[in-house]
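Chemist: Last residue of the sequence shown: number 1300 in my numbering, and the count goes up by one each step with no gaps. Let me begin by handing over the structure; questions about it come next.
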Amino acid sequence: MGAMKIDYLSLKKVTSMHGEEIHTAVSNVIDSGWYLNGEATTTFERQYANYIGSKHCIGCGNGLDALTIIFRSYKELGILKDGDEVIVPANTYIASILSITANNLTPVLVEPNISTLQIDDTKIENAITKNTRAILIVHLYGICAYTEEIGRICKNHNLLLIEDNAQAHGCNYSENIITGSIGNAAAHSFYPGKNLGAFGDAGAITTDDDRLNDTARAIGNYGSSRKYVFPYKGMNSRIDEIQAAILSVKLKYLDQDNARRIAIAKYYNENIINRNIKTVNALNSVYHIYPILCSNRDLIRLRLKDKGIETMVHYPIPPHKQKCYREWNNFSFPITEYIADNELSLPCNQVLTDSEVEYIVSTLNSCQ
Ligand SMILES: *Cc1c(COP(=O)(O)O)cnc(C)c1O
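Shown next as structure tokens:
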């Protein structure tokens, strides 16, 4: 095989798959003269709520805001208060944890299971105290993190269940239930590189809870319940009409895009044979990220780079080792730290061709 050049994710190619339709949608908004809180937003919110299987969808400025507004709303509703504890996986992207501390709530980090890389449900009960009020599960890498055991724990301890669905749009939990409709509320990110990506920042909250819907909607709109009436000290975090119109186009293709990611992942699972590499046991995943664990990660990464294959690491430094959370720097989360040292993300997206995927596997298998 000749030299190839494979980007980790070419957004240019992703966009060009439906370029004309997206250009038309954007032009329509531009020509309409209406750029915020309009028809495109209402339409996308209704389509996305239907897609997720939730009663409400509230467009937000980004995924971090969506998470932050959920916690803030529960505080305004008197369901959470300063200092309440929220259980969260230790190996998540930092935004999950920022949304907790931004609301004066206390994150309680729990290790993941090394075979699924998701929060270890056998370690949650040990982390519960008299102050625990919520669990924030994160469907990391696009893998469903919810288990019946998590549902049982929430019920027994009367805990809110919130989902960080930034990486898992369209991921099945069961035949009829997808992530984002399982807990009391879910946050979604439409950052350009996500499975459903906008052309800039955008996000959403989904929930079946009418009171949460009303409160979150107001908080994202300066705290306004109706024009010039402000029950909350809110923020400005809205989805704009151009992003909403683009997302309505891309939502139509999400399931087929995810199916392509799943097919590529299946090929990786069955064909990567290298004694230094472990693939991950993901029962339900939309493969936002295809992670492998390698004992010689940095060497393999370099070898792939030499062969024209771009890879990523999600994530090299876990939240408890970051300077912004220096109070946790001496905590020990060995599984989380192991993942940070060994994880490598292979290209896995709808624009890859079969021959590119085959080239990635044969290159990996020759890195012994
Ligand atoms: C991307 C991401 C976020 C944040 O979303 P933004 O839209 O970038 O603010 C939150 N949590 C996880 C797990 C993410 O991957």
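For glycine and all other residues, C-beta sits at the position ideal for the given N, C-alpha and C.
Alpha carbon to alpha carbon, how far is I1324 from E1095?
Modeler: Nothing can be reported for residue 1324, as the shown portion of the chain is limited to 933 through 1300.
Chemist: Check whether the Cβ of S1028 sits closer than 7 angstroms to any heavy atom of ligand 1, and report yes or no.
Modeler: Working through the sequence shown from its first residue, we reach residue 1028 at position 96. Answer for S1028: yes, Cβ within range of ligand 1.
Chemist: Counting Cβ pairs, one atom from each stretch, are 3 or more of them under 8 angstroms apart for the region 1139 to 1152 and the region 1175 to 1185?
Modeler: No, because fewer than three Cβ pairs between the region 1139 to 1152 and the region 1175 to 1185 fall closer than 8 angstroms, the two stretches do not touch.
Chemist: Starting from the Cα of N1216, find the closest Cα among G1102, A972, E1173 and give me that residue.
Modeler: For the purposes of this step, residue 1216 is taken as the residue at position 284 of the sequence shown. Among G1102, A972, E1173, the Cα nearest to that of N1216 is on G1102.
Chemist: Taking the Cβ atom as the reference point for each residue, do T1048 and V1018 lie within a distance shorter than 8 angstroms?
Modeler: On the sequence shown, position 116 is the one that residue 1048 refers to. On the sequence shown, position 86 is the one that residue 1018 refers to. Result no, Cβ atoms of T1048 and V1018 do not sit closer than 8 angstroms.
Chemist: How long is the line joining the alpha carbons of L1296 and N1206, rounded to whole angstroms?
Modeler: For the purposes of this step, residue 1296 is taken as the residue at position 364 of the sequence shown. For the purposes of this step, residue 1206 is taken as the residue at position 274 of the sequence shown. Their backbone Cα atoms lie some 7 angstroms apart in a straight line.
Chemist: State the start and end residues of the unbroken alpha helix (DSSP H) segment that holds R1065.
Modeler: Here residue 1065 is taken as the residue at index 133 of the sequence shown, counted from 1. No alpha helix (DSSP H) holds R1065; the beta strand (DSSP E) holding it covers 1064 to 1070.
Chemist: So, is E1290 buried or exposed, given that buried needs 16 or more other C-beta atoms within 10 angstroms?
Modeler: Position 358 of the sequence shown holds residue 1290. E1290 should be labelled exposed.
Chemist: Measuring CB to CB, does A1118 end up less than 8 angstroms from G1135?
Modeler: Translated into the one-based positions of the sequence shown, residue 1118 becomes position 186. Translated into the one-based positions of the sequence shown, residue 1135 becomes position 203. Their beta carbons are not under 8 angstroms apart, which means A1118 does not touch G1135 by this criterion.
Chemist: Tell me whether K1013 is buried or exposed, calling it buried when 16 or more other Cβ atoms sit within 10 Å of its Cβ.
Modeler: The residue given as residue 1013 occupies position 81 in the sequence shown. Exposed, because fewer than 16 other Cβ atoms sit within 10 Å of the Cβ of K1013.
Chemist: In three-state terms, what does DSSP make of L1030?
Modeler: Position 98 of the sequence shown, counted from the first residue, corresponds to residue 1030. Helix at L1030.
Chemist: Any heavy atom of ligand 1 within a distance shorter than 7 angstroms of the CB on A1098?
Modeler: Within the sequence shown, numbered from 1, the residue matching residue 1098 stands at position 166. Checking every heavy atom of ligand 1 against the Cβ of A1098, one is found closer than 7 angstroms.
Chemist: So for E1290, helix, strand or coil by DSSP?
Modeler: Counting from 1 along the sequence shown, the entry for residue 1290 is found at position 358. DSSP places E1290 in helix when its eight states are reduced to three.
Chemist: Count the other CB atoms, across all protein chains shown, that sit within 10 Å of the CB of K944; report buried if there are 16 or more and exposed otherwise.
Modeler: Translated into the one-based positions of the sequence shown, residue 944 becomes position 12. K944 is exposed by the Cβ-count criterion.
Chemist: For F1192, name the three-state secondary structure that DSSP assigns.
Modeler: By 1-based counting over the sequence shown, the position of residue 1192 is 260. For the sequence presented, residue 1192 should be read as Arg rather than Phe. Helix.
Chemist: Using C-beta distances below 8 angstroms, list every residue in its chain close to T1024, excluding the 5 sequence neighbours before and after it, in chain order.
Modeler: For the purposes of this step, residue 1024 is taken as the residue at position 92 of the sequence shown. Result list for T1024: V1070, L1072, D1096, P1251, in chain order.
Chemist: What are the residues that DSSP puts in a beta bridge with C992?
Modeler: Start at 1 with the first residue of the sequence shown, and residue 992 comes out as number 60. DSSP, once it has assigned bridges, lists G1135 as partnering C992.
Chemist: Determine the extent of the beta strand (DSSP E) in which E1017 is found, giving its start and end residues.
Modeler: Mapped onto the sequence shown, residue 1017 falls at position 85. Note, E1017: beta strand (DSSP E), 1017 to 1021.
Chemist: Considering only heavy atoms of ligand 1, does any lie closer than 7 angstroms to the CB of D1140?
Modeler: Locating residue 1140 in the sequence shown gives position 208, counting from the first residue. No; taking the cut-off as 7 angstroms, the Cβ of D1140 has no heavy atom of ligand 1 nearer than that.
Chemist: Quick one, which of N1035, P1266, I1085, I1075 has its alpha-carbon nearest N1058's?
Modeler: By 1-based counting over the sequence shown, the position of residue 1058 is 126. Comparing Cα positions, the closest option is I1085.
Chemist: If I follow the unbroken alpha helix (DSSP H) through P1266, where does it start and stop?
Modeler: Along the sequence shown, one-based indexing puts residue 1266 at 334. Per DSSP, P1266 belongs to the alpha helix (DSSP H) from 1266 to 1274.
Chemist: Classify V1325: buried if its beta carbon has 16 or more other beta carbons within 10 angstroms, exposed otherwise.
Modeler: Examination of residue 1325 is not possible in this model, given that the chain is present from 933 through 1300 alone.
Chemist: Relative to the C-alpha of A1077, which residue among I1292, N1104, Y940, N1035 is closest?
Modeler: Within the sequence shown, residue 1077 is the residue found at index 145, counting from 1. The shortest C-alpha separation from A1077 is found at N1104.
Chemist: Label P1248 either buried or exposed according to how many other C-beta atoms from any shown protein chain fall within 10 Å of its C-beta, with 16 as the threshold for buried.
Modeler: Start at 1 with the first residue of the sequence shown, and residue 1248 comes out as number 316. P1248 is exposed by the Cβ-count criterion.
Chemist: Is it the case that the CB of K1126 approaches a heavy atom of ligand 1 more closely than 7 angstroms?
Modeler: Looking up residue 1126 in the sequence shown gives position 194. Correct: K1126 has its Cβ closer than 7 angstroms to ligand 1.
Chemist: Examine the Cβ distances between the region 1146 to 1154 and the region 995 to 1010 and report whether three or more of them are shorter than 8 angstroms.
Modeler: Counting Cβ pairs under 8 angstroms, three or more are found: they touch.
Chemist: Taking the DSSP output, what are the residues bridged to P1124?
Modeler: By one-based count along the sequence shown, residue 1124 stands at place 192. DSSP, once it has assigned bridges, lists no residue as partnering P1124.
Chemist: L1092 to I1032, Cα distance in whole Å?
Modeler: Translated into the one-based positions of the sequence shown, residue 1092 becomes position 160. Translated into the one-based positions of the sequence shown, residue 1032 becomes position 100. Roughly 13 angstroms between the two C-alpha positions.
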